[in-house]
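Student: Let me begin by handing over the structure; questions about it come next.
Residue numbers (my numbering), protein chains in the order written: chain F, 1 to 488; chain D, 489 to 751.
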């Protein structure tokens, strides 16, 4: 095979996974991994990272898409025919076999000569620092030692790719740090491609050549740890990786952005007037004398964190988190400024919710499984509600609205949340919340997987089940493309 | 005033129970086994047992019945339990109940029904005494084999099977090298619960108009003839067999695999 082609050891093309209960765990996953790379899938629990790993291993078969190993489609191969080995989250060491037998399991199946098996097992045990443990039983090992045996059992088969499914999740912090370094050393020594799954961002940034940030079954960003941290592609990545201040902003000129009530220079070029999200890392904010700062604020709290102080400043309605080695006093007024390279501007995700809806005969609109009162007189030009409560056109004829398809537009600022779920409006779970200085940006997902974005001043919890309130006059309606005909 | 009991005091009822219903009867059996009609100590009963071709023949026959019945139970129960436990059948519990339900039906009724079926099939039951005995035992003790196997197989973590597949094992190898060894505790429980009753439950034989003898029938006939001493000696021999089997199977179940999979 052509060398340039085989450089990608594994390639995932348009992978989708829908489970029997219709849960869509992975939607459209595309990734190329080069030989010898250390790739990490990073994301909150339920983001589809483990499912993706299981599809590479062959334990789950994707609903759609292809997995190419060295250019060949392995999508239909069972796990035992893939040259890939896995280190399982809970180790899955066989309790009825001792350490030697566990590690030799794969080699014995390959019918290697006994002497070679013994040599390879000994070498694998050396790599994981457990020389002389051959005859010990699994039950006598600590968690960290079991982890090492699980790694030895996988690498002894010299797989082309080693998959690691949150392998350090069950270890304590100190052991985890130690194992991180050892895994990195092992990766360098063995030259095997590692695909690593974790929800721990620090682990991902420390160990990987390439980080794949996932949320909601989709790749949010692929890049080196530096790229992911310094150039997050969207608000989710910025919020998930490291600490961030996130604000709503607007471009006011060429490389000028306005947020927190002041104009800042930045390095990102966006069209003037564009609505944007602005990300500022706490360590990039410089504290100055009040008169020298671009913005000023009052120190609300100062917390000593060992390496630095975490300082929370109120500036108008906005809250600003600063990390600094210098301390200030609570109640002080300080100035703050940010260098242009400390400001990261992202095109705003959504300021408008757009849905397809249907009108009812009661002059309400149904969309995303919720029913809302709406003002139809704006939709039908010249119409009015007459004295009998019937919608009529300018000539006084009744307008029949039942079943008319419309497009519904709702600004994010118009929606509010309530825990009273009997209102008949849209109900759903909060799937994401991001703090933006003076409010939270929420995404609520309904049962039929419609997402509604909204702002709320108050903190709700992820997974809360809420109903949404939308004032009648903030629902903007227009006829849907195929709804035009029914009008006439 | 509140009643308070220490741990020791709470143990008293159990100790009383143990003495009355376990230790005392055992001692009585031992006493009878090693005495003669005049109440003197003797090993004659013991010697009789091992010199009489009648008792030795019955012992061998009983062992053969027990081995055959246990084997049949394993052959039927393992695949059944495996399918029930490992498949994604939605009505799994219903199926399991269907297999367990015979246990809820009166024993006599069950054997009587089996007798009728066998009579229709074979004509005269006396022609196939061994076959009928084994069939009766298998039919009767099957749930005791299925249940412990089902419990162990159900608890078997999928990740072990995935790990085996990951390391290159196909379905057959995974079964032989992982599933089977890990289900050993359930298998041992099942075997213990089927093997021993199969040696002694002579009611099944009697009800199937069987002319053959197993150990249980022997005890019964001695007791009917008021020979408590020979009957007790047989019980002691059976006890020794139970002990040896339990001890031997314990050797399979390594220290960490619990044998608590009885039900």
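Glycine included, C-beta positions come from ideal geometry on N, C-alpha and C. Remember, predicted model here, so these are calculated numbers, not experimental data.
#1: Using the beta-carbon count (16 or more within 10 Å), is residue 529 (chain D) buried or exposed?
#2: Anything in chain D within Cβ reach of residue 294 (chain F), meaning under 8 Å, just list it in chain order.
#3: Among residues of its own chain, excluding the 5 on either side of residue 523 (chain D), which ones have a beta-carbon nearer than 8 Å to its beta-carbon?
#4: Based on the DSSP secondary-structure assignment, which residues constitute the bridge partners of residue 34 (chain F)?
#5: Roughly how many angstroms separate the alpha carbons of residue 484 (chain F) and residue 399 (chain F), rounded to a whole number?
#6: Is it a yes or a no for the segment 419 to 427 of chain F touching the segment 225 to 243 of chain F, going by three-plus beta-carbon pairs under 8 Å?
#7: Report the neighbours of residue 392 (chain F) on chain D: residues whose CB is nearer than 7 Å to its CB, in chain order.
#8: Any contact between the segment 196 to 205 of chain F and the segment 27 to 43 of chain F? By contact I mean 3 or more CB pairs, one from each, below 8 Å.
#9: Do you know how far the Cα of residue 503 (chain D) is from the Cα of residue 491 (chain D)?
#10: Using the rule of at least 16 other Cβ atoms within 10 Å of the residue's Cβ for burial, across every protein chain shown, is residue 397 (chain F) buried or exposed?
#11: Between which two residues does the alpha helix (DSSP H) containing residue 536 (chain D) stretch?
#12: Please state if the CB of residue 327 (chain F) and the CB of residue 312 (chain F) are separated by a distance shorter than 8 Å.
#13: Got a sec: is the Cβ-Cβ distance from residue 111 (chain F) to anything in chain D below 8 Å?
#14: Return yes when the Cβ of residue 49 (chain F) is within less than 8 Å of the Cβ of residue 214 (chain F), no when it is not.
#15: Pull up the distance between the alpha-carbon of residue 720 (chain D) and that of residue 677 (chain D), whole angstroms please.
#16: Terminal residues of the continuous alpha helix (DSSP H) containing residue 187 (chain F)?
#17: Since residue 672 (chain D) is in the alpha helix (DSSP H), which residue starts that stretch and which ends it?
#18: Could you tell me whether any Cβ in chain D is nearer than 8 Å to the Cβ of residue 78 (chain F)?
#19: Which residues mark the beginning and the end of the alpha helix (DSSP H) in which residue 620 (chain D) is found?
#20: Helix, strand or coil: which one does DSSP assign to residue 52 (chain F)?
#21: With 8 Å as the threshold, decide whether the Cβ of residue 604 (chain D) is near any Cβ in chain F.
#22: Residue 113 (chain F) bridges to which residues according to DSSP?
#23: Could you tell me whether the segment 646 to 660 of chain D touches the segment 70 to 90 of chain F, where touching means 3 or more Cβ pairs closer than 8 Å?
#24: Assuming residue 435 (chain F) contacts residue 303 (chain F) (C-beta within less than 8 Å), just tell me the rounded distance between them.
#25: Shorter than 8 Å from the beta carbon of residue 494 (chain D) to some beta carbon of chain F?
#26: Give the list of continuous beta strand (DSSP E) stretches no shorter than 3 residues that lie fully inside the segment 275 to 306 of chain F.
#27: Alpha carbons only, please: which of D:679, D:510 and D:620 is nearest the one belonging to residue 736 (chain D)?
#28: Helix, strand or coil, according to DSSP, for residue 353 (chain F) in the structure here?
#29: Given that a residue counts as buried once 16 or more other Cβ atoms are within 10 Å of its Cβ, and exposed if not, what is residue 4 (chain F)?
#30: Apart from the five residues just before and just after residue 286 (chain F), which ones in its own chain have a Cβ nearer than 6 Å to its Cβ?
#31: Closer than 8 Å is the cut-off here; do at least three beta carbon pairs connect the segment 613 to 621 of chain D with the segment 119 to 130 of chain F?
#32: In the segment 88 to 107 of chain F, which residues sit with their C-beta less than 7 Å from some C-beta in chain D, listed in chain order?
#33: Give me the subset of the segment 630 to 654 of chain D whose CB atoms are less than 8 Å from a CB atom of chain F, sorted by chain position.
#34: Quick test of the definition: if touching needs 3 or more C-beta pairs under 8 Å, does the segment 702 to 713 of chain D touch the segment 513 to 521 of chain D?
#35: When burial is assigned at 16 or more other CB atoms within 10 Å of the CB, is residue 244 (chain F) buried or exposed?
#36: For the beta strand (DSSP E) that contains residue 662 (chain D), what are its first and last residues?
Tutor: Reading off the structure:
#1: Residue numbering aside, residue 529 (chain D) sits at position 41 when the second chain is read from its first letter. With fewer than 16 neighbouring CB atoms inside 10 Å of its own CB, residue 529 (chain D) falls in the exposed class.
#2: To locate residue 294 (chain F), count along the first chain from 1; it is residue 294. Residues of chain D whose Cβ lies closer than 8 Å to the Cβ of residue 294 (chain F) do not exist; the shortest such Cβ separation is about 55 Å.
#3: For this step, residue 523 (chain D) is matched to residue 35 along the second chain. Correct list, in chain order: 529, 530 and 717.
#4: Here residue 34 (chain F) refers to the residue found at position 34 of the first chain. F:8.
#5: The residue given as residue 484 (chain F) occupies position 484 in the first chain. The residue given as residue 399 (chain F) occupies position 399 in the first chain. Low local confidence applies: a pLDDT of 42 at residue 484 (chain F) is under 50, so the model's placement there is unreliable, with the coordinate-based value given in what follows. Between residue 484 (chain F) and residue 399 (chain F), the C-alpha separation is close to 14 Å.
#6: By the Cβ rule, the segment 419 to 427 of chain F does not count as touching the segment 225 to 243 of chain F, because fewer than three pairs are nearer than 8 Å.
#7: Here residue 392 (chain F) is taken as the residue at index 392 of the first chain, counted from 1. Under the 7 Å cutoff, chain D gives no residues; its nearest Cβ is about 55 Å from residue 392 (chain F).
#8: Output reads yes: the segment 27 to 43 of chain F touches the segment 196 to 205 of chain F.
#9: Reading the second chain from its first residue, position 3 is the one you call residue 491 (chain D). Reading the second chain from its first residue, position 15 is the one you call residue 503 (chain D). Computed Cα separation, rounded: 20 Å.
#10: Taking the first chain and counting its residues from 1, the one referred to as residue 397 (chain F) is at position 397. With fewer than 16 other Cβ atoms within 10 Å, it is exposed.
#11: Counting from one through the second chain, the residue named residue 536 (chain D) turns up at place 48. Note, residue 536 (chain D): alpha helix (DSSP H), 532 to 539.
#12: Translated into the one-based positions of the first chain, residue 312 (chain F) becomes position 312. Translated into the one-based positions of the first chain, residue 327 (chain F) becomes position 327. Their beta carbons are not under 8 Å apart, which means residue 312 (chain F) does not touch residue 327 (chain F) by this criterion.
#13: Translated into positions along the first chain, residue 111 (chain F) becomes position 111. So no, residue 111 (chain F) is outside the interface.
#14: If you number the first chain from 1, residue 214 (chain F) lands on position 214. If you number the first chain from 1, residue 49 (chain F) lands on position 49. With respect to the 8 Å criterion, residue 214 (chain F) and residue 49 (chain F) are classified as neighbours on the basis of their beta carbons.
#15: As a position in the second chain, residue 720 (chain D) is number 232, starting the count at 1. As a position in the second chain, residue 677 (chain D) is number 189, starting the count at 1. Spanning the two alpha carbons is a distance of roughly 26 Å.
#16: Taking the first residue of the first chain as 1, we reach residue 187 (chain F) at position 187. Counting along the chain, the alpha helix (DSSP H) containing residue 187 (chain F) begins and ends at 173 to 190.
#17: Mapped onto the second chain, residue 672 (chain D) falls at position 184. Where residue 672 (chain D) is concerned, the enclosing alpha helix (DSSP H) starts and stops at 672 to 688.
#18: Locating residue 78 (chain F) in the first chain gives position 78, counting from the first residue. So, interface residue.
#19: For the purposes of this step, residue 620 (chain D) is taken as the residue at position 132 of the second chain. Its alpha helix (DSSP H) spans residues 617 to 643.
#20: Indexing the first chain from 1 puts residue 52 (chain F) at position 52. The three-state secondary structure of residue 52 (chain F), taken from DSSP, is helix.
#21: Here residue 604 (chain D) refers to the residue found at position 116 of the second chain. Residue 604 (chain D) does not count as touching chain F.
#22: Taking the first residue of the first chain as 1, we reach residue 113 (chain F) at position 113. Residue 113 (chain F) has no beta-bridge partner at all, per DSSP.
#23: Touching, per the Cβ criterion.
#24: The residue given as residue 435 (chain F) occupies position 435 in the first chain. The residue given as residue 303 (chain F) occupies position 303 in the first chain. In this structure, residue 435 (chain F) and residue 303 (chain F) do not form a Cβ contact; the two beta carbons are roughly 17 Å apart against a cut-off of 8 Å.
#25: Against the second chain, residue 494 (chain D) aligns to sequence position 6. So, not an interface residue.
#26: 275 to 280, 285 to 288 and 295 to 304, all fully within the segment 275 to 306 of chain F.
#27: Numbered from its first residue, the second chain carries residue 736 (chain D) at position 248. Ranking the options by Cα distance to residue 736 (chain D), first place goes to D:679.
#28: Position 353 of the first chain holds residue 353 (chain F). Under the three-state reduction of DSSP, residue 353 (chain F) is assigned to strand.
#29: Looking up residue 4 (chain F) in the first chain gives position 4. With a pLDDT of only 44 at residue 4 (chain F), under the threshold of 50, the placement of this residue in the model should not be trusted; the figure read from the coordinates follows. Residue 4 (chain F) should be labelled exposed.
#30: In the first chain, the residue the question calls residue 286 (chain F) occupies position 286. These residues qualify, in order along the chain: 337.
#31: Counting Cβ pairs under 8 Å, fewer than three are found: no touch.
#32: Cβ contacts with chain D: 88, 90, 92, 94, 95, 96, 105 and 106.
#33: Residues passing the 8 Å Cβ filter: 645, 647, 648, 650, 651, 652, 653 and 654.
#34: Taking 8 Å as the limit for Cβ pairs, the verdict is that the segment 513 to 521 of chain D does not touch the segment 702 to 713 of chain D.
#35: Stepping through the first chain from its first residue, residue 244 (chain F) is reached at position 244. Answer is buried; the Cβ neighbour count reaches 16.
#36: Counting from one through the second chain, the residue named residue 662 (chain D) turns up at place 174. Per DSSP, residue 662 (chain D) is not a residue of any beta strand (DSSP E); the alpha helix (DSSP H) it occupies stretches across 659 to 662.
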